[in-house]
Structures are given as C-alpha cells and as structure tokens.
Amino acid sequence: MTVCGRFAPTPSGRIHLGNILCAMLSWLSVRSKNGRYLLRIEDLDAMRCPRSLADLIEDDLKWFGIDWDDGGSAGGDPWYQSCRTAIYDRYFDVLKDKGLLYPCFCSRAELHTAQAPHRSDGTYIYAGTCRNLTPEQIAEKSKRRPPAWRVRVPEREMSFTDGCQGVYTENLAHDCGDFIIRRSDGVYGYQLAVVVDDGLMGVTEVVRGSDLLNSTPRQMYLYEQLGFAIPQFYHMPLLTAPDGRRLSKRDGDLDLGVLREKFGRPELIVGMLAKAAGLRPTAQPVQLSDLVADFSWDKIPKQDIALPEEILQ
Ligand code: GLU
C-alpha cells in the first residue's frame, strides 16, 4: 500500500520554525518511502484563519523545498476545512445515531468551577454535568442557549505505538473525559475534523508535534467508531526557546517571514534544523531533497529540541 502523509497547518499566523520542522519531517518521512504528500488547511475557525495567511504558508513551504501531490490552493475548497462543514455534519450524525453524543449546556464559567481533576497539560476533565440530562431538561435548556456536543467516552484503555515516542496509553474516561466535537456556535472541533479528513483522504501516517500526543487516544476512538483505518502516528519533538519554552506563533521573530529575510537561502535553515533533529552531524547548508535518501525516524530524538544556536545569532 502506498504511504500517504500530510501537513495540516492552522493558518492563524505565519508559520514559525517549529511548524516548518514538522512540515520537514512529515515530508521527509513520506518522500523516503515514495509516498503521497497532501496539504490540508485547518481553518475551521475561519475568522482567525484568512486565506491570505494560508497562501503565505504555501509560499513558505515551496521556498523551503516542500512540494505536495494534492491539496492547498491548487486543490481548491475540498482542502480547506472551513469548506467541509457538510461532510462533518454527515459524520456527526453517524456518531449521534450511535448514541455516542450528547448536548452540553455548560458555560465556560461553569466548566471552570466544576470539580474535575485537571490534566497535566492544563486542560480539565469534564465533570459530566450534562451527561445524563432527561429529554425534558434538554428541551428546557435548549430554549436558553444552543448546546455544544460532546462524545461520551467509555472506561477504556487506548494504547498505540508511536513511531517517535514509543508506547502511549490513556484511559479514555480517567485521563481524557467526554470531549467536545462541535462548539455551541456550530463550528466543528479539531478532533472530529482531523479524523474525518485523514480518514477520507486516505492518510496512512500522521506526523505532528508531541503536544498533540494526548489527542490521539480520543481520535483513535473516533476512527474506530466511524469505521476508518487508524494511521501510524509520529509525534515529533517540539523546538524550545533558550528559556525552555516551546515555540509558538507568538514568537514572531522566528517566523518564516523574518527568517527568509535574515538567511536568504533555505539551505541554511534546512542545515540548522537537520543538525538539531539529528539528521546531520553539522549545520552545513543542505537542500531538503538531499535529506530524503537516508532519512530515518530512528535518528529523531524523542525529547524536545533546543533551538539551533546558529539561528539566534
Ligand atoms: N492543525 C494542527 C496544527 O496546526 C495540526 C493537526 C494535526 O497535524 O493533526 O497544530
């Protein structure tokens, strides 16, 4: 079977060095296996994700040496999550018909005061306030505000072998809790959209940051319930700033706009990232395509990677 991978950026800002490392490893992983590579734009929150930013991301990727076989602006609307609501509706209905969903009327303030244990990542486990509402209670509450929708998760261990991080296990009820798949304003959540899209697009491997590792058991549950094959996951290390912080879009000084200006040639940035990610012994400039032949996940570290010093000079 042909390997199929993808890069799925959220265009809420220009891509930064951490995103480009993710694009780089996902592209190398697929190209080293002669696979298909897709570009999907995760602009579910269309207000925060203008097309102009998605177009800039494409430009940055091409400049860096990344190409794709389908998707992006050339592929048109089907590759923008903001245009796929009718598709998500269908799969939402499948889950609803299976009795796996329930409406949740809790406000943000109620969620914060609910007595629920917090996860290590700062999010909390839903206390189950709306889990067993009667049809009458639902009808009554619906008059006041539209509900969000949650997936009812079972008491169940979900385990998988990540291609980078090794075995990862979570108990859905204890470590995750019932999770939202559609917000009260009707916008679908990342968890549903990513599973439906990867499922329908035939994605066989998912490469993304280790900050999403604990989303995967939830997604595996959705893959299973919707009848899609579960892809191989690789949760790659994140880049950290000198003070140990993980890089984010707020680090504007490390976005591709600034770095393109500063370094001029992509080979310089590829070389620094290749060394930081364990793919080359030195930061010698190199073309991305020259890293395909001897790419291997065995070389990539599990732990977060400190920002290459050369980039800060
Ligand atoms: N859109 C997500 C992001 O930009 C990535 C989701 C994924 O790769 O599953 O962080």
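The opening residue of the sequence shown carries number 31 in the numbering used here; numbering runs sequentially from there.
Don't be surprised by glycine CBs; every beta carbon is placed ideally from N, CA and C.
Model, not experiment: these values are computed from the prediction.
Below 7 Å, is the gap between the Cβ of residue i and the nearest heavy atom of ligand 1?
i      : result
ALA84  : no
ALA304 : no
PRO177 : no
LEU222 : no
ARG238 : yes
THR191 : no
GLU235 : no
ALA53  : no
GLU185 : no
ALA11  : In this structure the chain extends from 31 to 343, so residue 11 is not present and cannot be described.
LEU268 : no
LEU242 : yes
Relative to the alpha-carbon of residue i, which residue among the options has its alpha-carbon at the smallest distance?
i      : options                        : result
THR312 : LEU318, THR234, ASP227, LEU303 : LEU303
LEU131 : SER137, TYR121, ALA139, GLU140 : TYR121
ASP208 : ALA157, THR164, PHE258         : ALA157
GLN167 : THR153, ASP228, CYS134, VAL181 : CYS134
LEU289 : ARG70, ASP90, ASP205           : ASP90
ARG174 : HIS142, THR159, SER137, PRO331 : SER137
ASP212 : ARG81, VAL316, LEU125, GLU340  : The sequence as given places Arg at residue 212; Asp does not occur at that position. Looking at the Cα atoms, LEU125 is the closest of the given residues.
Can you name, in chain order, every residue of its own chain whose Cβ lies under 8 Å from the Cβ of residue i, other than the five neighbours on each side?
i      : result
VAL217 : LEU74, ASP75
PRO108 : ARG114
LEU269 : LEU47, GLY48, LEU51, ARG276, LEU277, ALA306, ASP334, ILE335, ALA336, LEU337
ASP85  : SER103
Buried or exposed: residue i, going by 16 or more other Cβ atoms within 10 Å of its Cβ?
i      : result
GLY196 : exposed
HIS265 : buried
GLY95  : buried
SER245 : buried
GLN343 : exposed
ASP127 : exposed
Go ahead and pull the three-state DSSP assignment for residue i.
i      : result
ALA336 : strand
ILE211 : strand
ASP228 : helix
VAL322 : coil
ALA156 : The question names Ala, but residue 156 in the sequence shown is Tyr. It is coil, neither helix nor strand.
GLU200 : strand
Can you name, in chain order, every residue of its own chain whose Cβ lies under 6 Å from the Cβ of residue i, other than the five neighbours on each side?
i      : result
ARG186 : LEU202
GLN111 : GLU72, ASP73, LEU74, ALA223
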